[in-house]
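One structure is given below, encoded as structure tokens.
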Amino acid sequence: MDTHATLKPPIQQLFISLSFFKELDFDMVDFYKMLKESREQKMRTGSVAYADQKIAEQAERAAQQAERAAKKAAGGDQPLILYFYDGLEILIRPMGDLNSAILAMKHHKYIEGGASIDAICAAEIGKPCALCQRAKEDKALAARESWFIPVYMYQATKTKDKDSYALPSPEIVTYTENDVRKQAKGVRVLEMKDFGAEAIILKTFRKFMADPANGRMMDRDFLIIQDGKGKGNKAYIVDKKDPKPRPDIAKITPPQQRVWERILEKLPPIVAGAASSSPLVGDLGDALDALPYSDLGDHPVADTSEAVDEPDF
Numbered sequence: 174m175d176t177h178a179t180l181k182p183p184i185q186q187l188f189i190s191l192s193f194f195k196e197l198d199f200d201m202v203d204f205y206k207m208l209k210e211s212r213e214q215k216m217r218t219g220s221v222a223y224a225d226q227k228i229a230e231q232a233e234r235a236a237q238q239a240e241r242a243a244k245k246a247a248g249g250d251q252p253l254i255l256y257f258y259d260g261l262e263i264l265i266r267p268m269g270d271l272n273s274a275i276l277a278m279k280h281h282k283y284i285e286g287g288a289s290i291d292a293i294c295a296a297e298i299g300k301p302c303a304l305c306q307r308a309k310e311d312k313a314l315a316a317r318e319s320w321f322i323p324v325y326m327y328q329a330t331k332t333k334d335k336d337s338y339a340l341p342s343p344e345i346v347t348y349t350e351n352d353v354r355k356q357a358k359g360v361r362v363l364e365m366k367d368f369g370a371e372a373i374i375l376k377t378f379r380k381f382m383a384d385p386a387n388g389r390m391m392d393r394d395f396l397i398i399q400d401g402k403g404k405g406n407k408a409y410i411v412d413k414k415d416p417k418p419r420p421d422i423a424k425i426t427p428p429q430q431r432v433w434e435r436i437l438e439k440l441p442p443i444v445a446g447a448a449s450s451s452p453l454v455g456d457l458g459d460a461l462d463a464l465p466y467s468d469l470g471d472h473p474v475a476d477t478s479e480a481v482d483e484p485d486f
């Protein structure tokens, strides 16, 4: 009786294979060892390739950050949106009122000891928003309303050092361009919120507009001061000031569409299922998992143009 013929096909194939290896004097222990080593080698190769890819991406992001930092140090890539910190005083002239403000949903999350996420919601440009999806699990990422208006910044003044100690005397904020120190001033964008300590700025402007005796916001100057830092420990003061002569304010006011375009450039939306337009984010999935948020809010207020009346829009 043929033993092979009575066996079911899978078992028969195994029996024949084992018989074949036996006839060849094949060591099965060595065979399985070889398979195991081959599998482990593939896993190591894949892990190394993955790690190399991640390292390369991180290096690229670091290089981009360094490049932008160098540009800022040279006065070539100055922040558009006003950023406040403890002891900073900024004197501005609004270039519009709240009726002409750009209202947009924005995602913001402060990261202690690191850069914060700051991005216009992708729904504002008709795209699915990755941060809205993430906010289902992380409520701190939920989008909230922000108001944006262009302003002319006369000057920014520091009254405290980086450790929040009072300076001997106030210092005008300057920047270096081509080895020349220049005063920070020019056309900027003021962001306002109706929550947190910053809400007082929007509240003050609403109160100003509610009283016809105040006239137009565009005809008055305002001094905005941040005092203190950290959640629950900072406050904002908004003082109405007599206006400086600016007969050309209407001429240098940027169109609303241009302001919106620049806001999108500085606070780029993160579209679900696509690579982010922010150069600091890289691959979207990895970015949201690792939270390497872009530090678009950086130290403020520097103008790249020598001429005050040439806004950098």
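Going by our numbering, the sequence shown opens with residue 174, and the numbers climb by one from there.
No residue lacks a Cβ here, since even glycine has one placed at the ideal position from N, Cα and C.
Three-state secondary structure assigned by DSSP to MET268: Three-state DSSP puts MET268 in coil, outside helix and strand.
Extent of the continuous alpha helix (DSSP H) to which LYS282 belongs: Unbroken run through LYS282 is the beta strand (DSSP E), 275-282; no alpha helix (DSSP H).
SER289 versus ASP421 - alpha carbon distance: Each residue's Cα considered, the two are about 36 Å apart.
DSSP bridge partner residues for PRO427 (one or two, in chain order): Residue pairing of PRO427 in beta bridges, as defined by DSSP: absent, with no partner found.
Beta-carbon contacts of ILE275 that lie in its chain and below 6 Å, excluding the five residues immediately before and after: The residues are PHE321, TRP433.
Counted within 10 angstroms of its Cβ, other Cβ atoms place ASP388 as buried (16 or more) or exposed: Before going further, note that residue 388 is Gly rather than Asp in the sequence given. Classification for GLY388: exposed.
Same chain, Cβ closer than 6 Å to ASP400, five either side skipped, listed in chain order: Contacts found: ALA408.
Contacts around LYS402, its chain only, beta-carbon distance under 6 Å, and the 5 residues preceding and following it disregarded: So the qualifying residues of the chain are ASP259.
C-beta atoms of MET390 and PRO267 nearer than 7 Å: Contact: yes.
Where GLY299 falls, given that 16 or more other Cβ within 10 Å makes a residue buried: So GLY299 ends up on the exposed side.
C-alpha gap between PRO491 and ALA308, whole angstroms: Only positions 174 to 486 of the chain appear in the structure, and residue 491 is not among them; the question remains open.
Through-space distance from SER273 to ALA386, alpha-carbon basis: Pairing ALA386 with SER273, the inter-Cα distance amounts to about 20 Å.
Runs of beta strand (DSSP E) wholly within the stretch 317-353 (minimum 3 residues, chain order): For the stretch 317-353, whole beta strand (DSSP E) runs of length 3 or above, ordered along the chain, are 317-333, 339-345, 347-350.
Best match in LEU340, LEU304, ASP336, ASP412 for proximity to HIS281 [C-alpha to C-alpha]: When LEU340, LEU304, ASP336, ASP412 are compared, the shortest CA-CA separation from HIS281 is found for LEU304.
Per-residue burial, VAL353 [other beta carbons within 10 Å of its own, 16 or more giving buried]: Looking at its Cβ environment, which holds fewer than 16 other Cβ atoms inside 10 Å, VAL353 is exposed.
Rounded Cβ spacing between GLU262 and LEU396 (contact assumed at less than 8 Å): At roughly 6 Å, the Cβ-Cβ gap stays under 8 Å, so GLU262 and LEU396 are in contact.
Assigned exposure category for ASP291 - 16 Cβ within 10 Å defines buried: Counting every other CB atom within 10 Å of its CB across the protein chains shown gives ASP291 a total of 16 or more, marking it as buried.
Pairwise C-alpha distance: PRO301 and ILE345: Taking the straight line joining both Cα atoms gives about 43 Å.
When LYS380, LYS335, ALA357 are compared against LEU271, the one with the closest alpha-carbon: The residue with the shortest Cα to Cα distance from LEU271 is LYS380.
Cβ-based neighbour list, ILE265, same chain, cut-off 6 Å, excluding 5 preceding and 5 following: Cβ within range, chain order: VAL324, MET326, PHE395.
Beta-carbon proximity list for GLN328, same chain, < 8 Å, skipping 5 on both sides: The answer, listed in chain order, is ILE263, LEU264, ILE345, VAL346, GLN356, ALA357, LYS358.
Rounded separation between TYR283 and LYS333 - CA only: Between TYR283 and LYS333, the alpha-carbon positions lie close to 22 Å from each other.
Buried or exposed (CB count within 10 angstroms, at least 16 for buried), ILE293: ILE293 should be labelled buried.
Per-residue DSSP class, three states only, for LYS366: Looking at LYS366 - three-state DSSP - the assignment turns out to be coil, as it is neither helix nor strand.
ASP413 - containing beta strand (DSSP E), residue span: Correcting the residue type first, residue 413 is Lys in the shown sequence and not Asp. Where LYS413 is concerned, the enclosing beta strand (DSSP E) stretches over 408-414.
Per-residue burial, GLY269 [other beta carbons within 10 Å of its own, 16 or more giving buried]: Burial call: buried.
One or two residues paired with ILE263 in a DSSP bridge: According to DSSP, which records beta bridges pairwise, ILE263 is partnered with ALA329, ILE397.
Cβ neighbours of LYS414 in the same chain (closer than 8 Å, five flanking residues each side left out): Excluding sequence neighbours, LYS414 sits near LEU264, ARG393, ASP394, PHE395, LEU396.
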